[in-house]
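Here our numbering is used: the first residue of the sequence shown is 4, the next is one more, and so on. In this text, a Cβ means the ideal position worked out from N, Cα and C, and glycines have one as well. Note that the structure is a prediction, hence the values are computed from the model and not measured. Written out below as structure tokens is the structure these notes cover.
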Amino acid sequence: MIKLNSLTFLDKKKNKEKISMITCYDFSFAQIINETDIDCILIGDSGSMLMHGLPNTVHADTPMMASMIAAVSRGAPKKFIVGDLPFLSYRKSLTTNMNNVEVLMKAGSEALKLEGAIGNLKLVNHLVHSGVPIMGHLGLTPQSVHTLGGHKVQGKEKEAQIQILDQAKKLEDAGCFSLVLECVPSVLAAKITEALHIPVIGIGAGPDVDGQVLVLQDLLGFNDGFKPKFLKKYFNANQIFKGAFNDYHKEVVSKAFPTAKESYE
Ligand code: KIV
């Protein structure tokens with residue numbers, strides 16, 4: 004399987020081939036994904052919640068992202084690696100923004116994702132011309148959870164739809180090589196996908212986009228209580244892992260493990 008990059012990502016759209024993207028935050032899962040057909044790995048700032056137990060992505064920072072990006076890129080050298088720029092790390096002075104970008108690219112990212120268009124367009128252009136492929140992110144932008152009043156579907160009203168479409172076009176014009184659209188009505192996602200030349204990757208954006216992204220722990224069913232409408236669970240990790248941990252515990256206390264087979268002579 005040929006490793007994707009920011010240019011072949013565009014070819015996928017031209018050839019009408021769907022793109023599969025999955026988040027990942029650690030070396031062990033990266034090694035497994037490396038041996039699959041998945042097209043692209045996103046080291047999302049959702050790792051702040053899933054790996055560190057923080058309440059939202061506002062708490063991610065550059066050192067945290069760099070550590071996860073380094074681990075994943077070491078585990079999955081055959082996969083195209085996109086990392087998230089964390090909250091406010093690209094909203095400061097140009098020097099600070101560029102320093103943060105440099106840390107994440109040198110950690111192993113091959114492209115970076117940032118949220119929102121307003122106030123980011125000049126930076127996107129500067130980054131692209133500095134050799135950093137940029138993925139945009141519109142719709143539900145979790146770093147703005149406090150201004151959005153929670154993790155809610157975006158673009159339900161006509162005016163909001165016009166704004167999201169306009170911002171998508173501006174991000175494309177600024178040089179983004181692709182765009183994540185999160186939690187928007189399918190009809191809006193389809194319209195944006197048709198209007199853009201760059202691939203649109205959806206999460207909660209329906210089927211008529213160029214690819215899909217899901218959070219690894221969500222698609223594997225780590226959290227029984229997390230059941231958003233857009234999520235399909237491909238595994239029941241919660242029950243299966245608990246079963247394995249309990250089996251191990253039982254065998255330790257009953258002295259069924261270890262046997263001679265697992266012991267050195
Ligand atoms: O951080 C993340 O996991 C993301 C995806 C949901 C797109 O940005």
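Rounded C-alpha distance that separates K6 from A263: If I take the Cα positions, the gap works out to 45 Å.
Nearest-angstrom Cα separation, counted from F244 out to E265: So the alpha carbons of these two residues sit roughly 22 Å apart.
For V255 and I121, the rounded distance between their alpha carbons: Distance between the alpha carbons of I121 and V255: 57 Å.
Segment limits, beta strand (DSSP E) that includes G139: For G139, the enclosing beta strand (DSSP E) begins and ends at 137–142.
Residue from I165, A198, Q166 with nearest C-alpha to S181: Answer by Cα proximity: A198.
Separation of L174 from S96, as counted between CA atoms: Taking the straight line joining both Cα atoms gives about 20 Å.
Identity of the residues DSSP links to D87 by a beta bridge: In DSSP, D87 forms a bridge with K116.
C-beta contact flag for E185 and I206 at 7 Å: Less than 7 Å separates the beta-carbon of E185 from that of I206.
Sequence-distant residues of the same chain with beta carbon closer than 7 Å to A73, five excluded per side: Excluding residues within five positions, the ones whose Cβ falls inside 7 Å are A110, G111.
Test item: CB-CB of D48 and T60 under 7 Å: Result yes, Cβ atoms of D48 and T60 sit closer than 7 Å.
Neighbour-count burial assignment, Y28, 16 or more Cβ in a 10 Å radius: Buried is the call here.
Cβ-based neighbour list, I44, same chain, cut-off 8 Å, excluding 5 preceding and 5 following: Result list for I44: M24, I25, T26, C27, A33, I36, V75, A79, K82, F83, I84, V85, in chain order.
Straight-line Cα distance separating N239 from S189: Cα to Cα, the separation comes out at about 27 Å.
Beta-carbon proximity check, V218 vs I204, cutoff 7 Å: Cβ distance not < 7 Å, so V218 and I204 don't count as in contact.
Beta-carbon contacts of H132 that lie in its chain and below 8 Å, excluding the five residues immediately before and after: Sequence-distant partners of H132 (beyond 5 residues in either direction) whose C-beta falls short of 8 Å from its own C-beta, in its chain, are G178.
Local Cβ density within 10 Å of P136, reported as buried at 16 or more and exposed below that: Counting every other CB atom within 10 Å of its CB across the protein chains shown gives P136 a total of 16 or more, marking it as buried.
I206: CB within 6 Å of a non-hydrogen atom of the ligand KIV: Under cutoff, so the answer is yes.
N- and C-terminal bounds of the beta strand (DSSP E) containing E20: No beta strand (DSSP E) holds E20; DSSP gives it neither H nor E.
Identity of the residue in D169, G158, D211, Q215 nearest V187 by Cα: Per the Cα distances, G158.
Classification of Q146 by the beta-carbon crowding that lies within 10 angstroms, buried from 16 upward: By the neighbour-count rule (16 or more Cβ atoms within 10 Å), Q146 is buried.
Assigned exposure category for L151 - 16 Cβ within 10 Å defines buried: Around the C-beta of L151, fewer than 16 other C-beta atoms lie within 10 Å, and the residue is accordingly described as exposed.
Contact check, L141 vs A171, beta carbons under 7 Å: Going by C-beta atoms, L141 is nearer than 7 Å to A171.
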